[in-house]
Amino acid sequence: MSAPTPGFVEVDPQLVRKLQEIVGRERVITNGADVDSMSKDCYWYSPVLKDRLEPRTASAVVRVHSVQELGSTLSLAYRNDVPVTVRGGATGNYGQCIPLRGGLVIDITGLDRILSVEDGVVTTEPGVRVINLERAVRAKGWELRCLPSTWVKSTVSGFVCGGSGGIGSITWGGLRDQGTIKRIKLMTMEAEPREITLEEGDTLKAYHAYGTNGVITEVQLRLAPARRWDQIIVTGPDWAAVTDFATRVARDDSIPKRLVSLLEPIFGASFKPLIRMLPAGHSIIWLEVDDAFTAALVAEARQKGLSVPNVIAHHEPKRQPMLMEYAWNHSTLWMLKNHPGHTYLQFAMGPNFAEQAALLKERFHGRIHLHFEFVRSRGPSGEIGPVMALLLPVVRYISEDDLREMIAYAGEIGIASNNPHTCYLEEAARDASFPSKAQLKQAADPKGLLNPGKMRDFPVTPPMDGALPRFL
Ligand SMILES: Cc1cc2nc3c(=O)[nH]c(=O)nc-3n(C[C@H](O)[C@H](O)[C@H](O)COP(=O)(O)OP(=O)(O)OC[C@H]3O[C@@H](n4cnc5c(N)ncnc54)[C@H](O)[C@@H]3O)c2cc1C
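In my numbering, the protein residues as written are 205 to 676.
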């Protein structure tokens, strides 16, 4: 186990015994190596986070299996000023579930009951893995509107508190859009924890808040009618022609679809299990479309001189290969494995995304590799907007200053950025709902013990001046 870091709060043996009384001996983990590994997520995507967060760890881990156990654990932690960081599948990329102040990690994957699937709405406990949720709702003729590419490991509350969108976002926008989150129940961090219910638009207070303002105990999501999704790989040697086809399909609202990804040829060599399907030097499109549209799309691609190396017919349940596991941040993962010394950025592009991308390539020649995901945008008042391109470029890492320069230049040419190199809520993204998140924290976590430090402007108990790491 690493040496204690500034601000580290230890869980003393007396408290460990009380925790064991709540959940049983075997579900309180104090072994240094296990606690260390249960204190980490996928923060290492960012060299900036990796340097700063590597030594950060909890003092102990508790696995809760019921809402009662959760409540008693929170109450005990509150009375003893012990910080609490909640852990789901730990696939977050921003160190979201890495404790900055030691204390307790609470693993909620034991809260894994799906409570009901009725009238296009699923009600579930927080720790259900997304894959299990998707399979359960499909068995009843429904499907999740959007899901992360990490669906095998991610929990539903981890997705709500740490994620943003993914497969399905081309139609439904982000997880926060179009009323997809119907209701959230969360538990407060107080001597007598209360359950707060947030409905509809109010759910944004807890959405993407990194578990800083309550512990989610139940989530209700609106669903979409299940479709049969074929997966199609389209490739071609000419970037412009491949981009044109991807853009046309992405923007055609008459084609029901779940995924449109566009990648430069360099990605192909990193997708080891798919290599034999991907012609060297070809740019790549992943499509997931309703199977009624497959034949026409394949014919159109071929007519435009593109190749269609594979069509993977719908299968229930989904089986390998699944293109979604080579999309979104999975594309980044495959590339990072194959290209050490690289990292990534997150850009929301304008309608002229291809020209903006060409400018980035010119300015940062040879060190920025293009991967787009097409998503449904949100209009200024939350209404459905046009389809837009997100760019998740893999970039060669030189220095923090260089990453800053890339973000600044992107801004100069009209590209908005989310910063994946910070674990602080205030610095990660532009989020109009931030003040309401902070307000909820005041009511639900008066001592600032929930994932302390992540909402960096909020006072924490005990105070920890100067102990927080700085990021980009
Ligand atoms: C390879 C890869 C691909 C990815 N692809 C996507 C993608 O397609 N779309 C996307 O949005 N993200 C993606 N991500 C990020 C991440 O996988 C998602 O955000 C995921 O849904 C997080 O779920 P989790 O259970 O792993 O959450 P965790 O990492 O365990 O937690 C995330 C945050 O939620 C908090 N939290 C968890 N449960 C609760 C609870 N019950 N109450 C309060 N707080 C809670 C944690 O404290 C933490 O702050 C990807 C990451 C990787 C590594």
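Using N, Cα and C, we set each Cβ at its ideal position, and we do this for glycine too.
Small disclaimer: the values here were computed from a predicted structure and weren't measured.
Classification of residue i by the beta-carbon crowding that lies within 10 angstroms, buried from 16 upward
i    : result
L319 : exposed
K541 : exposed
Q550 : buried
Q272 : exposed
D434 : buried
P477 : exposed
A561 : buried
H575 : buried
D245 : buried
K700 : Residue 700 lies beyond the residue range present for the chain, which begins at 205 and ends at 676; the question has no answer from this structure.
R398 : exposed
P673 : buried
Contact test: residue i Cβ vs ligand 1 heavy atom, cutoff 7 Å
i    : result
Y414 : yes
P544 : no
N655 : yes
P352 : yes
A496 : no
G485 : no
R582 : no
W532 : yes
Q300 : yes
K254 : no
F576 : no
F551 : no
R291 : yes
V598 : no
S474 : no
G367 : yes
S465 : no
F675 : no
Other residues of its chain near residue i: CB distance less than 6 Å, five sequence neighbours each side excluded
i    : result
R387 : E403 and Q424
R291 : C301, V309 and D311
G589 : S581, R582 and G583
W443 : S487
R317 : E329
P656 : P287, R305 and V664
A558 : T447
Where residue i sits in the DSSP three-state scheme
i    : result
T277 : helix
I602 : coil
W355 : coil
R529 : In the sequence under discussion, the amino acid at residue 529 is Glu, which differs from the Arg named in the question. Here E529 sits in helix by DSSP.
H534 : helix
E403 : strand
R475 : Note that residue 475 is Phe in the sequence shown here, rather than Arg. It is coil, neither helix nor strand.
S241 : helix
I388 : strand
M592 : strand
S465 : strand
E422 : strand
L257 : helix
Q300 : coil
N336 : helix
N623 : coil
L501 : helix
P513 : strand
V286 : coil
Q507 : helix
E677 : Lying outside 205 to 676, the shown extent of the chain, residue 677 is not represented and no answer is given.
E230 : helix
G615 : helix
P639 : helix
Among the options, nearest to residue i - alpha-carbon criterion
i    : options                   : result
A499 : V515, L510 and S511       : V515
M613 : F568, N655, G652 and T536 : Reading the sequence as shown, one finds Tyr at residue 613 and not Met. Here the closest residue by C-alpha is F568.
E258 : N417, S250 and V265       : S250
E577 : M528, H546 and G615       : M528
E504 : D457, V453, A484 and R523 : V453
C627 : G211, Q224, M393 and N297 : N297
D635 : M659, D649 and L564       : M659
G545 : A496, H575, E604 and I489 : E604
L482 : G299, G472 and Q560       : G472
T384 : R398, K508, H518 and L427 : L427
Contacts around residue i, its chain only, beta-carbon distance under 7 Å, and the 5 residues preceding and following it disregarded
i    : result
T401 : R387 and K389
T209 : P259 and R260
F363 : V334, P352 and L379
W355 : V334, I335 and E338
Close beta carbons around residue i, own chain, < 8 Å, minus the five adjacent residues each side
i    : result
S368 : G378, L379, R380 and H412
R571 : V599, R600 and I602
V253 : Residue identity differs from the one stated: residue 253 is Leu in this sequence, not Val. Only Y247, Y298, G299, H625, T626, C627 and F675 meet the Cβ criterion.
CB contact check: residue i to chain B, cutoff 8 Å
i    : result
Q272 : Checking the listed chains, one finds no chain B in this structure; it contains a single protein chain.
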